[in-house]
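Peer 1: This is the structure I want to talk about, given as structure tokens.
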Amino acid sequence: MTPAENKRLKTVSKSRLLQELQKSVPGKILLDSNEAMRPFECDGLSVYRKLPLLVALPEDTNQVRDILRTCSRLGVPVVTRGAGTGLSGGALPIESGLLLVLTRLNRILAIDPLNRTARLQPGVRNLAISEATAMHGLYYAPDPSSQIACSIGGNVAENSGGVHCLKYGLTVHNVLEVRLLTIEGEELILGGESLDSPGFDLLAVVNGSEGMLGVITEVVVRLLPIPETAQVVLAGFDSVGRAAATVGAIIGAGIIPAGLEMMDRMSVEAVEAFISPGYPREAEAVLLCELDGGKAEVAEQMEAVMAILNDQGATSVSVSANEAERLRLWQGRKNAFPAVGRIRPDYYCMDGTIPRRELPRVLADISAASQRCGLPVANVFHAGDGNLHPLILYDANREGELDQAERLGAEILRMCIEAGGTVTGEHGVGMEKIDSMCEQFTSAELDQFHALKKAFDPPGLLNPGKAVPTLHRCAELGAMHVHGGRLPFPELPRF
Numbered sequence: 304m305t306p307a308e309n310k311r312l313k314t315v316s317k318s319r320l321l322q323e324l325q326k327s328v329p330g331k332i333l334l335d336s337n338e339a340m341r342p343f344e345c346d347g348l349s350v351y352r353k354l355p356l357l358v359a360l361p362e363d364t365n366q367v368r369d370i371l372r373t374c375s376r377l378g379v380p381v382v383t384r385g386a387g388t389g390l391s392g393g394a395l396p397i398e399s400g401l402l403l404v405l406t407r408l409n410r411i412l413a414i415d416p417l418n419r420t421a422r423l424q425p426g427v428r429n430l431a432i433s434e435a436t437a438m439h440g441l442y443y444a445p446d447p448s449s450q451i452a453c454s455i456g457g458n459v460a461e462n463s464g465g466v467h468c469l470k471y472g473l474t475v476h477n478v479l480e481v482r483l484l485t486i487e488g489e490e491l492i493l494g495g496e497s498l499d500s501p502g503f504d505l506l507a508v509v510n511g512s513e514g515m516l517g518v519i520t521e522v523v524v525r526l527l528p529i530p531e532t533a534q535v536v537l538a539g540f541d542s543v544g545r546a547a548a549t550v551g552a553i554i555g556a557g558i559i560p561a562g563l564e565m566m567d568r569m570s571v572e573a574v575e576a577f578i579s580p581g582y583p584r585e586a587e588a589v590l591l592c593e594l595d596g597g598k599a600e601v602a603e604q605m606e607a608v609m610a611i612l613n614d615q616g617a618t619s620v621s622v623s624a625n626e627a628e629r630l631r632l633w634q635g636r637k638n639a640f641p642a643v644g645r646i647r648p649d650y651y652c653m654d655g656t657i658p659r660r661e662l663p664r665v666l667a668d669i670s671a672a673s674q675r676c677g678l679p680v681a682n683v684f685h686a687g688d689g690n691l692h693p694l695i696l697y698d699a700n701r702e703g704e705l706d707q708a709e710r711l712g713a714e715i716l717r718m719c720i721e722a723g724g725t726v727t728g729e730h731g732v733g734m735e736k737i738d739s740m741c742e743q744f745t746s747a748e749l750d751q752f753h754a755l756k757k758a759f760d761p762p763g764l765l766n767p768g769k770a771v772p773t774l775h776r777c778a779e780l781g782a783m784h785v786h787g788g789r790l791p792f793p794e795l796p797r798f
């Protein structure tokens with residue numbers, strides 16, 4: 304945000320905002336003490352923290368509407384938060400604003416087994432959808448590693464993926480309808496329960512909009528039949544490059560696995576020490592390839608994949624014999640982040656996407672950059688769609704290491720851009736990648752992003768300063784680069 308924007312957003316006191324909100328919503332849903340608000344001071348990017356003016360935990364849509372209308376009238380910015388599992392600072396509070404927490408809107412409103420849909424409030428947990436629909440032989444496909452805790456509203460805001468996004472798509476491919484409220488409290492219904500809806504495809508715009516356009520109050524998701532059978536192949540390789548090349552070979556053969564994940568030796572050793580899923584410790588990298596569908600189809604594809612692994616020089620290959628083994632192998636991948644967190648006091652999780660053909664080169668470049676700066680990097684990522692998640696390990700208690708980790712992260716995102724990829728795959732931009740957006744997009748393109756936001760949010764009160772940088776900041780960043788400096792994140796104190 305520019306200094307002028309900051310000045311405009313700091314004109315309302317806490318006492319006045321609290322007084323005005325209490326006219327229309329119950330006081331019990333409002334938190335105003337520092338102690339009560341402390342659990343909401345950050346999301347998963349915990350190195351940056353702030354306390355908002357107030358925290359609101361509404362219990363229904365009408366309360367959300369009343370809160371938004373009051374904030375709109377007073378000119379108070381609003382940051383929406385779900386479960387707080389995001390990793391890019393998208394739910395970082397604003398000191399002059401209200402934090403709107405939607406975890407209490409957690410009801411599954413309807414399940415339609417015939418049409419294979421479910422209508423949900425935004426606070427419903429990702430995994431709870433599949434748990435509730437399993438009795439109908441259905442499930443919800445997108446499965447982020449945090450699916451046990453993350454909420455569907457946040458999934459839409461970030462356009463989340465997961466280990467099965469290669470075959471079944473990201474959130475945007477599995478959402479049919481979104482209801483949201485504008486900052487003025489007006490309800491918009493985007494999409495519909497049918498396969499097509501009239502008008503512009505604004506549903507796609509909302510997926511990944513990071514709370515900048517409206518506050519999500521309902522989501523209709525597409526459900527899929529639980530596959531007849533599913534098997535996972537675990538393959539070890541003697542080099543990261545060979546494992547990365549195998550990813551392209553599998554896709555190039557016309558096989559689209561349900562999931563195709565890769566982990567390097569550092570992440571494998573961490574996971575084995577953490578929960579012992581049975582990964583080969585001696586391998587420099589492993590691939591997890593899941594095939595699902597009918598038994599005959601899976602058997603045919605399994606034969607083809609085994610031949611490819613053999614041709615690519617896999618040093619070890621094993622196949623899950625039953626459902627318990629399949630889940631155990633995936634448990635290792637989904638626990639990779641906390642497992643790696645046991646190696647060093649802190650880690651910085653990056654998120655960028657590149658074309659699959661560039662995997663061997665970019666991974667080699669990341670390794671070289673890691674050695675150059677002296678910070679280890681563990682690689683664990685959605686190899687099938689080229690979505691990288693390098694984990695930069697550091698110790699925030701050592702002077703300069705956090706700055707060093709941020710510089711390495713920015714360099715990795717630059718590699719993604721230069722390889723023809725993007726600065727984010729599924730974690731969003733938030734505050735973390737806002738400067739990298741200046742490198743990926745031109746001034747004219749950023750202008751269009753701001754114009755779109757203005758169409759939904761004319762006063763600019765919804766999650767201001769996130770996701771899309773101002774042209775002023777990009778100009779400042781360019782000047783800093785010319786003089787060899789680095790521009791700090793705007794308004795982000797470190798704790």
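With the working numbering as the guide, the letters of the sequence shown map in order to residues 304 to 798. For each residue, glycine too, the CB sits at the ideal point set by N, CA and C.
1) Any chance the segment 740 to 749 sits against the segment 714 to 725, with 3 or more Cβ pairs inside 8 Å?
2) Please state whether DSSP places G687 in a helix, a strand or coil.
3) Are the beta-carbon atoms of G517 and F759 separated by less than 8 Å?
4) When DSSP labels each residue in this structure, what does C374 get in the three-state scheme?
5) From which residue to which residue does the alpha helix (DSSP H) around Q534 run?
6) Where does M438 sit, in a helix, a strand or coil, going by DSSP?
7) So what does DSSP say about P652, is it helix, strand or coil?
8) Give, in chain order, every unbroken run of the beta strand (DSSP E) that is at least 3 residues long and sits entirely within the segment 377 to 421.
9) Taking the Cβ atom as the reference point for each residue, do G440 and P528 lie within a distance shorter than 8 Å?
10) Note down, in chain order, each residue of its chain lying with its Cβ closer than 6 Å to the Cβ of L360, except the 5 sequence neighbours on either side.
11) Shortest alpha-carbon distance to H476 belongs to which of L483, C468 and D649?
12) According to DSSP, simplified to helix, strand and coil, what is V726?
13) Distance, Cα to Cα, F640 vs G724?
14) Thinking just about the alpha-carbon of each residue, which of N690, P583, S449 and P767 is nearest to the one in R807?
15) Would you decide whether S336 is buried or exposed? Buried here means 16 or more other CB atoms lie within 10 Å of its CB.
16) Do the CB positions of V680 and P663 come within less than 8 Å of each other?
17) Mapping the DSSP letters down to three states, classify C741 as helix, strand or coil.
18) Count the other CB atoms within 10 Å of the CB of L412; is the residue buried (16 or more) or exposed (fewer)?
19) Quick check on L417: buried or exposed, where buried means 16 or more other Cβ atoms within 10 Å of its Cβ?
20) Can G426 and G385 be called in contact, C-beta distance under 8 Å?
21) Quick check on the burial criterion: 16 or more other C-beta atoms within 10 angstroms. Buried or exposed for D750?
22) Determine which residues share a DSSP beta bridge with D446 and list them.
23) Would A754 be called buried (16 or more neighbouring beta carbons within 10 Å of its own) or exposed?
24) Shortest alpha-carbon distance to T383 belongs to which of I432, I715 and N458?
25) Whether or not the segment 524 to 539 and the segment 601 to 615 are in contact is what I'm after, with contact meaning three or more pairs of Cβ atoms, one per stretch, closer than 8 Å; do they touch?
26) So, at 6 Å on beta carbons, what are the nonlocal neighbours of A547 in its own chain, with the 5 sequence-adjacent residues on each side left out?
Peer 2: This is what the structure gives:
1) yes
2) helix
3) yes
4) helix
5) Segment T532 to F540 is the beta strand (DSSP E) holding Q534; no alpha helix (DSSP H) there.
6) For M438, the three-state secondary structure derived from DSSP is helix.
7) With the sequence shown as reference, residue 652 is identified as Cys, and Pro is not the correct amino acid for it. Note: C652 maps to strand in three-state DSSP.
8) 381 to 384, 401 to 404 and 411 to 415
9) Against a cut-off of 8 Å, the Cβ pair of P528 and G440 comes out as a contact.
10) Around L360: I332, V404 and R407.
11) Here the closest residue by C-alpha is C468.
12) coil
13) 23 Å
14) There is simply no residue 807 to check, as the chain begins at 304 and stops at 798 in what is shown.
15) exposed
16) no
17) helix
18) exposed
19) exposed
20) yes
21) exposed
22) Paired residue(s): none; D446 is not in a bridge.
23) exposed
24) The candidate whose alpha carbon is nearest that of T383 is N458.
25) Output reads yes: the segment 524 to 539 touches the segment 601 to 615.
26) L662, P663 and L666
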